[in-house]
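Student: End of the sequence shown = 215 in our numbering, gap-free, step of one.
Glycine residues also receive a C-beta, built at the ideal position from the N, C-alpha and C atoms.
Since we're looking at a predicted model, the values are computed, not measured.
One structure follows; several queries about it will come next.
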Amino acid sequence: MKTIESSALLRRAHSDIDSRTNQGGKRRVSRSPAAGTQLAHLMRLRRSPVQHVDGRTNLSKDAWGRTGLAELCSSLERRDHVELRNHLGTMTYKVAAAVATYGDSKPHVLEIDRIYAEFLRRLWVHMFREEHDLYTSIRNVEQAHAKPLFGSSILIGTMRAIRREHCHFAKALRRIAALLRGYELPRNAGHNYRELVQGFRELEAYKLRHMEDEAIVFSRALVLEKQLMGK
C-alpha cells in the first residue's frame, strides 16, 4: 500500500499544476523536472523517521526553506489538506460514537462535541479560503502573474485573517485536550472513549504541525512580496 501511495505522490510531483489568474480563470503551469524532484524529495523527508529538534526536523525545515512556494502550496493543498480531511472524517465518527455512549454519564464529552462542531465548521471554510484565495495568491506572486502595486500588499490582509483563525483552532484544540485531561486515559476507559482520546491526540499533533509548515510558507511569501515592492 505504501509503495502504491509513494508512486502516486511522485507522479503528482512531476505533473502540471493549475494556477488561477487574477480574473478568476485557470491556466496550466508546467512543472520543471527540477521542481518535481524537489517536491518528491520534500515528501520523502516529511515521511522519514528522523530526529526532531524543537518539534521540527532540521532536514524538513531545510527543505521547506529551499523548495519553491508554488510547489509547497501544492503540497499543502493536495497532500496535507487531503490527509487533514481524512482525520476530520474519522474524528467526526469517533465524537458521535462517544456522545452516543457517554453523553449521559460524562458531561465533558458533550462539551467536546460542542467545541468540535464549531471547530469543524470553521475549519472547512478555512481550508477552502486557503486553497482558493491565499495559496493561489502566493503562486501568482512567485510566478509574477500578480504584482503588488503602489506598496499595497496582495497577501497580508488574507494572511492576517488566516493567522487569526489558526489561533482559534489552536485554542479549541487546547480546550479539548484540557477536557480530556491531557489525553490521559482513565483506568476503566471504554473502547469509544479510548478512540476519542487517541483521535484528538493525533488530530492536534497533525493540525499544529500543518500550521507550523504554513507559517514558513507565509513568511517566505511576505519576504518575496516585499522584495517585489522594492523593485
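1) Looking at the secondary structure, which residues open and close the alpha helix (DSSP H) in which N172 lies?
2) Taking L104 and L72 to be in contact with their CB atoms under 8 angstroms, please state how far apart those CB atoms are, rounded to whole angstroms.
3) So, helix, strand or coil for I1, using DSSP?
4) With three or more beta-carbon pairs closer than 8 angstroms as the criterion, would you say the region 186 to 199 touches the region 56 to 69?
5) Here's the rule: buried if 16 or more other CB atoms are within 10 angstroms of the residue's CB, otherwise exposed. What is Q211?
6) Taking just the CA atoms, how far does V207 sit from M75?
7) Taking only heavy atoms of the ligand ADP into account, decide whether any of them is closer than 7 angstroms to the Cβ of G49.
8) Taking all protein chains shown into account, decide if L23 is buried (16 or more other Cβ within 10 angstroms of its Cβ) or exposed.
9) Could you spell out where the alpha helix (DSSP H) holding K78 opens and where it closes?
10) Note down, in chain order, each residue of its chain lying with its Cβ closer than 6 angstroms to the Cβ of L180, except the 5 sequence neighbours on either side.
11) Determine the contact status of M195 and H150, defining contact as a CB-CB distance below 8 angstroms.
12) When the distance is taken between beta carbons, is L107 closer than 8 angstroms to T142?
Tutor: Working from what's here:
1) In the DSSP assignment, N172 falls outside any alpha helix (DSSP H), carrying neither H nor E.
2) Going by Cβ atoms, the distance from L104 to L72 rounds to 6 angstroms, so yes, they are a contact pair.
3) For I1, the predicted structure reports a pLDDT of 39, less than 50, and the residue's modelled location is therefore unreliable. A value from the coordinates is still provided. Strand at I1.
4) As far as the Cβ criterion goes, the region 186 to 199 touches the region 56 to 69, which means the pair count is three or higher.
5) Its Cβ having fewer than 16 others within 10 Å, Q211 is exposed.
6) Roughly 36 angstroms separates the two Cα atoms.
7) For the ligand ADP, the structure offers nothing, since it holds no ligand at all.
8) Only weak support is given to the placement of L23: the predicted model assigns it a pLDDT of 40, under 50, and the value that follows is read from those uncertain coordinates. Residue environment analysis places L23 among the buried positions, since at least 16 neighbouring C-beta atoms fall within 10 angstroms of its C-beta.
9) It spans H65 to Y86 - the alpha helix (DSSP H) in which K78 sits, taken as one unbroken run.
10) The residues are K78 and A82.
11) Going by C-beta atoms, M195 is nearer than 8 angstroms to H150.
12) No, the pair does not count as a contact, with Cβ atoms beyond the cut-off.
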